[in-house]
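Report on the following structure.
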Ligand SMILES: Nc1ncnc2c1ncn2[C@@H]1O[C@H](COP(=O)(O)OP(=O)(O)O)[C@@H](O)[C@H]1O
Ligand SMILES: [Mg+2]
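Residue numbers (the numbering used here): 1 to 234.
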């Protein structure tokens, strides 16, 4: 890929199609480029394929056809180790949070740093400050099952951003939180983006999109459309 004219793209899809088993094609022909440092919202009605598209970006699904490059590497040519190190560059916030039940909120959020080999003394303050910022300063030692949906969501977001990933992917990240917390989370994403993280957020919360300068892509009828001007609901 060294001759690619788009060497700064974090994500590239070329003519990507996806189907589950023998179902219909969710997408038939998706082209996508996320430049390094870009901030993109992905919208579209429920069932249009937003979550599926994100899964392709964080290596949980494989396309049925077409080419996907992550950080300028063709994912179909990556071995397991390359896939693993690519995944470590991506922070993911899923709709079902996936917090680890037997670890406290603090330990959940610290996990990506521990995996990266950092010692507690080095990350303790960062984890504490981030948890305070997302409004969980008083719940750091709590176990995930004792948290409300909105609190779990904020813990999952803190875990996704703590290691300053190159790419941050979030699936409906403000779905369970009140509008004030939603704005605060968006500011966190925006702050990460200013520090260089490429951000991709699936949402149908149009109020979020008004608050921030971002590219808006809409998935419809199996392809992606760039939304210009006003965002309409749906
Ligand atoms: N694991 C799966 N197996 C089969 N079909 C799926 C699976 N996940 C999603 N789909 C189908 O793919 C389509 C897109 O779903 P999804 O990506 O979840 O859309 P969105 O996130 O926009 O609501 C839907 O028709 C959905 O039923
Ligand atoms: Mg979805």
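Yeah, the Cβ is synthetic: ideal placement off N, Cα and C, and Gly gets one too.
- Relative to ligand 2, residue 172 has its C-beta within less than 8 Å of a heavy atom.
- Secondary structure at residue 126: helix, using DSSP grouped into helix, strand and coil.
- Scanning its chain for C-beta atoms nearer than 8 Å, with the 5 sequence neighbours on each side dropped, one finds around residue 150 the residues 176, 177, 178, 181, in chain order.
- In the three-state reduction of the DSSP assignment, residue 8 falls in the coil class.
- Counting only residues of its own chain and dropping the five nearest sequence neighbours on each side, residue 39 has a CB closer than 6 Å to the CB of 193, 199, 214.
- Counting along the chain, the unbroken beta strand (DSSP E) around residue 33 starts and ends at 25–35.
- Segment contact: the region 86–94 against the region 53–73, three or more CB-CB distances shorter than 8 Å; contact assigned.
- Going by beta carbons, residue 51 and residue 204 fall outside the 9 Å limit.
- The three-state reading of DSSP puts residue 91 in strand, counting E and B together.
- The continuous alpha helix (DSSP H) containing residue 189 extends over residues 179–194.
- Here the C-alpha atom of residue 136 lies approximately 10 Å from the C-alpha atom of residue 129.
- The Cβ-Cβ distance between residue 105 and residue 162 does not fall below 9 Å.
- Rounded to whole angstroms, the separation of the alpha carbons of residue 17 and residue 221 is 12 Å.
- A check of alpha carbon separations from residue 66 across 43, 183, 12, 167 identifies 12 as the nearest.
- For residue 151, the enclosing alpha helix (DSSP H) has its first and last residue at 149–161.
- With respect to residue 113, residue 103 sits apart: the two C-beta atoms are not nearer than 9 Å.
- Separation of the CB atoms of residue 219 and residue 42 is rounded to 7 Å, and the pair is thereby assigned contact status at 8 Å.
- Distance from residue 10 to residue 71 at the Cβ level is roughly 6 Å; contact confirmed, criterion being Cβ atoms closer than 8 Å.
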